[in-house]
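A.B. asks:
There are 2 protein chains.
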Amino acid sequence: MRHDELDEVFCSVAQTWAVIGERWTMLLIRDAFLGVRRYEEFRKRLGVSRNLLSDRLVLLVEEGVLTRRAYSERPKRYEYRLTEKGMALYPILVALGGWGDAYKVLEPPVTYTHRSCGEQCHPKLTCDRCGEPIQARDVVASLAARAFERVPEKVY
Amino acid sequence: MRHDELDEVFCSVAQTWAVIGERWTMLLIRDAFLGVRRYEEFRKRLGVSRNLLSDRLVLLVEEGVLTRRAYSERPKRYEYRLTEKGMALYPILVALGGWGDAYKVLEPPVTYTHRSCGEQCHPKLTCDRCGEPIQARDVVASLAARAFERVPEKVY
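Top line first, the protein sequences correspond to chains E and X. 7 is the number of the first residue of the first sequence in the numbering used here; add one for each residue after it. 7 is the number of the first residue of the second sequence in the numbering used here; add one for each residue after it.
#1: Figure out for me which residue from E:Asp-144, E:Cys-133, E:Ala-142, E:Gln-141 has the closest Cα to the Cα of Pro-139 (chain X).
#2: Roughly how many angstroms separate the alpha carbons of Met-32 (chain E) and Lys-91 (chain X), rounded to a whole number?
#3: Would you check whether the ligand ADP has a heavy atom nearer than 8 Å to the C-beta of Pro-81 (chain E)?
#4: By a C-beta neighbour count over all protein chains shown, 10 Å radius and 16 as the cutoff for buried, is Ser-55 (chain X) buried or exposed?
#5: Hey, is Phe-212 (chain X)'s beta-carbon within less than 9 Å of any beta-carbon in chain E?
#6: Who are the Cβ neighbours of Arg-51 (chain X) in its own chain at under 6 Å, not counting the five residues just before and after it?
#7: Where Ala-24 (chain X) and Leu-58 (chain E) are concerned, what is the direct C-alpha to C-alpha distance, given to the nearest angstrom?
#8: By the three-class DSSP mapping on this structure, what secondary structure does Lys-110 (chain X) have?
#9: At a Cβ cut of 7 Å, what residues of the stretch 124-151 of chain E count as close to chain X, listed as they run along the chain?
#10: Give the residues of chain E in contact with Pro-97 (chain X), contact being defined as C-beta atoms less than 7 Å apart.
#11: Which whole-angstrom value describes the C-beta separation of Leu-102 (chain X) and Thr-119 (chain E), a residue pair presumed to lie in contact below a C-beta threshold of 8 Å?
#12: What separation, rounded to the nearest whole angstrom, lies between the Cα atoms of Pro-158 (chain E) and Gly-104 (chain X)?
#13: Can you say whether Lys-160 (chain E) is buried or exposed, counting buried as having 16 or more other CB atoms within 10 angstroms of its CB?
#14: Does the CB of Asp-107 (chain X) have a neighbour CB from chain E at under 9 Å?
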């Protein structure tokens, strides 16, 4: 199976990976969450080639993760913003950062303050039914019969 | 900046991405969480080449995400298991699956039952201080001064 066939697998992880799992894509999304909108700023921060950046932006706009809007007509310039679907990638970003904080850096480069309670917080996974924290050993995963087979047709 | 320089960036997302952001790696980790341990089983499920699978397994063992243990001497065969550091990738997997469930598939391929409360649950992000759900707009991210610069030396 090739990487570009990931979106034909009936698995939500693989389908998500088909959108964000290319090199650099998640760092581009990280920067979008930090307020970066313009092509040149993405390019400067990521240090990637124009071709690669353009490819990623096109994919994310096609996927509905970013919207593209012209902010200048002459010269034609675009800015990119997260859609609701893009904002919904936030738990992935937080989870990636949390693991890096725990295992890869000496001090967390980013700290989070929760607006409503005003406290510095570490977002964590909890059960939406009982509210208790969840780790891998706390849940039983049940696979649907079709799980991990190819999807018979595009389902999105 | 090249992809293999990601681990020199002082950013927890980039550092995590340097470990799991290669093609296929996250699906290999998904399968490890589902109980897959043996090389041939990984290969059959992922449909990737032996070279690619071996490269990924070596990286994950070097990173301390998987341990390798011989389960047969003749022929020499190894099994791979998640370490505690590997188990700590679980929130990333859940977040990837949650987004795919919401935006990429018609029905979730995997459902989760929380052992302690017995309910079918959707793990969600909450604030560890007040317990309320967290989305991107609910928090203010503060960057450390050095964030997103190269780290002066390896910090792990």
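Just so it is clear, CB atoms sit at the ideal spot from N, CA and C, and this is done for glycine as well. Keep in mind it's a predicted model, so treat the numbers as computed, not measured.
C.D. replies: In short, the structure shows the following:
#1: Residue numbering aside, residue 139 (chain X) sits at position 133 when the second sequence is read from its first letter. Nearest of E:Asp-144, E:Cys-133, E:Ala-142, E:Gln-141 to Pro-139 (chain X), Cα basis: E:Cys-133.
#2: Position 26 of the first sequence holds residue 32 (chain E). Position 85 of the second sequence holds residue 91 (chain X). Each residue's alpha carbon lies about 21 Å from the other.
#3: Judged by which ligands are present, the structure shown has none, so any question about the ligand ADP falls away.
#4: As a position in the second sequence, residue 55 (chain X) is number 49, starting the count at 1. Label assigned to Ser-55 (chain X): exposed.
#5: Nothing about residue 212 (chain X) can be reported from this structure: the residues present for chain X run from 7 to 162 only.
#6: The sequence position of residue 51 (chain X) within the second sequence is 45, counting from 1. Excluding sequence neighbours, Arg-51 (chain X) sits near Asp-37.
#7: Numbered from its first residue, the second sequence carries residue 24 (chain X) at position 18. Numbered from its first residue, the first sequence carries residue 58 (chain E) at position 52. Distance between the alpha carbons of Ala-24 (chain X) and Leu-58 (chain E) is about 18 Å.
#8: Taking the second sequence and counting its residues from 1, the one referred to as residue 110 (chain X) is at position 104. Coil at Lys-110 (chain X), not helix or strand.
#9: Glu-125, Cys-127, His-128, Pro-129, Lys-130, Leu-131, Thr-132, Cys-133, Asp-134, Arg-135, Cys-136, Gly-137, Glu-138, Ile-140, Gln-141, Ala-142, Asp-144, Val-145, Val-146, Ala-147, Ser-148, Leu-149, Ala-150
#10: Within the second sequence, the letter at position 91 stands for residue 97 (chain X). Within chain E, the residues near Pro-97 (chain X) are Ala-101, Gly-104, Leu-131.
#11: Here residue 102 (chain X) refers to the residue found at position 96 when the second sequence is read from its first residue. Here residue 119 (chain E) refers to the residue found at position 113 when the first sequence is read from its first residue. Going by Cβ atoms, the distance from Leu-102 (chain X) to Thr-119 (chain E) rounds to 26 Å, so no, they are not a contact pair.
#12: For the purposes of this step, residue 158 (chain E) is taken as residue 152 along the first sequence, with counting starting at 1. For the purposes of this step, residue 104 (chain X) is taken as residue 98 along the second sequence, with counting starting at 1. Because the pLDDT of Pro-158 (chain E) is 43, which lies under 50, any placement of that residue in the model is unreliable, and the number read from its coordinates should be weighed accordingly. In a straight line, the C-alpha of Pro-158 (chain E) is about 21 Å away from that of Gly-104 (chain X).
#13: Here residue 160 (chain E) refers to the residue found at position 154 when the first sequence is read from its first residue. With a pLDDT of only 39 at Lys-160 (chain E), under the threshold of 50, the placement of this residue in the model should not be trusted; the figure read from the coordinates follows. Exposed, since its Cβ has fewer than 16 Cβ neighbours within 10 Å.
#14: Counting from one through the second sequence, the residue named residue 107 (chain X) turns up at place 101. Yes, Asp-107 (chain X) lies at the interface with chain E (some Cβ there is under 9 Å from its Cβ).
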